[in-house]
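Following: one structure in structure tokens, then a few remarks.
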Amino acid sequence: MPDRLRPVTVITGAAGGIGTALARLLAPAHDLILTGRDAARLDALCAEVGGRPLRLDLTRPETFAAAVEGLERVTNVVHNAGVVELGPVAEQGHEVWTRTLAVNTVAPAELTRHLLPLVRAERGTLVFVNSGAGLAAHAGWGSYAASKFALRALAEALRAEEAGRGVRVGSVYPGRTATPMQASVRAQEGGTYSPDAYIDPQSVAAAIRFMLDSPRDADITDLTVRPGPRP
Numbered sequence: 001m002p003d004r005l006r007p008v009t010v011i012t013g014a015a016g017g018i019g020t021a022l023a024r025l026l027a028p029a030h031d032l033i034l035t036g037r038d039a040a041r042l043d044a045l046c047a048e049v050g051g052r053p054l055r056l057d058l059t060r061p062e063t064f065a066a067a068v069e070g071l072e073r074v075t076n077v078v079h080n081a082g083v084v085e086l087g088p089v090a091e092q093g094h095e096v097w098t099r100t101l102a103v104n105t106v107a108p109a110e111l112t113r114h115l116l117p118l119v120r121a122e123r124g125t126l127v128f129v130n131s132g133a134g135l136a137a138h139a140g141w142g143s144y145a146a147s148k149f150a151l152r153a154l155a156e157a158l159r160a161e162e163a164g165r166g167v168r169v170g171s172v173y174p175g176r177t178a179t180p181m182q183a184s185v186r187a188q189e190g191g192t193y194s195p196d197a198y199i200d201p202q203s204v205a206a207a208i209r210f211m212l213d214s215p216r217d218a219d220i221t222d223l224t225v226r227p228g229p230r231p
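Here you go:
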């Protein structure tokens, strides 16, 4: 496929479970620009899938403009990166709230702002990887759920603003998925982590690819992915 016809897709959080699965799934047909906190894992993934690393500190959205300045094409953006720190509202200080909202909400908004002219030029798609916590908040999940509720609002407002320019905006809401983040969550909950009990990251990646590749006459705005029945 000629380079100009291949979609260029940015994936944040590519060094994690869903991001890595998605990069591997898209690699045969997409040119990939990948971000991730673990530099060694990100570099190894880029070498594996032929991707380009993009160094971003998601806690410092003010640095994004310089980081993306040289990009010439972007067709799709998948906002997949996220952090979660559990705890009751009465005990979590503003540092947790500030960090969580910066990575989970402010960073996607700011990165979208800088990449949107390129996405508009290609009539591309933005996908926000949200969470079940973006649909319902539970005890101990206040800061994370607040960031994901805000991410949902960001996606909905952006969809209404960009529809006339041919840009598609979707949100995917995975349930508990077998990723390093889920292992951290289970540790915070004081429980055991059993990957077989959760959604395979490849299944979530397949749902995201479906949103990216769906025909233009169908706009898939929200997609919920839940663990399937177990034998």
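With UniProt numbering, letter number 162 in the sequence shown gets 162, and the count goes up by one each step, no holes.
Beta carbons are placed, not taken as given, at the ideal position from N, Cα and C, and that holds for glycine.
In this text, all values refer to a predicted model and were calculated from it rather than measured experimentally.
Beta-carbon proximity check, residue i vs residue j, cutoff 8 Å
i, j, result
"Val77", "Val119", "yes"
"Glu101", "Ser131", "Correcting the residue type first, residue 101 is Leu in the shown sequence and not Glu. Contact: no."
"Ala145", "Ala137", "yes"
"Thr12", "His79", "yes"
"Gly223", "Gly170", "At residue 223 the sequence reads Leu, which differs from the Gly that was named. The answer is yes: Cβ separation under 8 Å."
"Leu71", "Val49", "no"
"Val185", "Leu111", "no"
"Pro229", "Gly17", "no"
"Arg123", "Gly166", "yes"
"Ala90", "Gly51", "no"
"Thr63", "Arg99", "no"
"Val103", "Val172", "no"
"Val127", "Met211", "yes"
"Ala107", "Pro61", "yes"
"Ala133", "Trp141", "yes"
"Arg168", "Asp217", "no"
"Val8", "Thr105", "no"
"Tyr198", "Gln182", "yes"
Start and end residues, beta strand (DSSP E) containing residue i
i, result
"Ile33", "Asp31 to Leu34"
"Thr20", "That residue, Thr20, is in no beta strand (DSSP E); its alpha helix (DSSP H) goes Gly17 to Leu26."
"Arg168", "Arg168 to Pro174"
"Val103", "Taken as a continuous stretch (DSSP letters only), Val103 belongs to no beta strand (DSSP E), as it is neither H nor E."
"Asp222", "Asp222 to Val225"
"Leu126", "Thr125 to Val129"
Candidates the options: closest to residue i by CA position
i, options, result
"Ala14", "Leu212, Ala205, Met211 and Asp217", "Ala205"
"Thr192", "Ala178, Ala90, Ala163 and Ser203", "Ala178"
"Ala121", "Arg73, Gly140 and Leu151", "Arg73"
"Leu116", "Glu162, Gly190 and Ser194", "Glu162"
"Arg6", "Gly19, Ser203 and Leu26", "Leu26"
"Gly36", "Phe149, Arg216, Val10 and Thr75", "Val10"
"Pro215", "Thr125, Pro195 and Val68", "Thr125"
"Val68", "Ala40, Leu34 and Ala139", "Leu34"
"Ala21", "Asp213, Ala207, Pro227 and Thr221", "Ala207"
Opening and closing residue of the alpha helix (DSSP H) in which residue i lies
i, result
"Tyr144", "Gly142 to Glu162"
"Leu212", "Pro201 to Asp213"
"Val89", "It is not in any alpha helix (DSSP H) - Val89 carries neither H nor E in the DSSP assignment."
"Arg216", "Element bounds for Arg216: n/a, residue is neither H nor E."
"Ala136", "Note, Ala136: premise wrong, no alpha helix (DSSP H); not H, not E."
"Pro14", "One point to set straight first is that residue 14 is Ala, not Pro, in the sequence displayed. Unbroken run through Ala14: none, as it is neither H nor E."
"Pro229", "Run containing Pro229: none; DSSP gives neither H nor E here."
"Glu122", "Segment: none, Glu122 is in no alpha helix (DSSP H) and carries neither H nor E."
"Arg165", "Arg165 -> no alpha helix (DSSP H), and no H or E assigned at all."
request  = Evaluate contact between the stretch 153 to 170 and the stretch 49 to 56, counting only Cβ atoms and requiring at least three cross-stretch pairs below 8 Å.
outcome  = By the C-beta criterion, the stretch 153 to 170 is judged not to be in contact with the stretch 49 to 56, since fewer than 3 inter-stretch pairs fall below 8 Å.
inquiry  = With a threshold of 8 Å, are at least 3 pairs of Cβ atoms found where one atom belongs to the stretch 28 to 45 and the other to the stretch 92 to 99?
reply    = Using a Cβ-Cβ distance cut-off of 8 Å, the stretch 28 to 45 and the stretch 92 to 99 are not in contact, since fewer than three pairs of beta carbons, one from each stretch, lie closer than that value.
request  = Mind listing, in chain order, the continuous beta strand (DSSP E) runs of no fewer than 3 residues lying wholly within the stretch 28 to 83?
outcome  = With a minimum length of 3 residues, the continuous beta strand (DSSP E) runs that stay inside the stretch 28 to 83 are 31 to 34 and 76 to 79.
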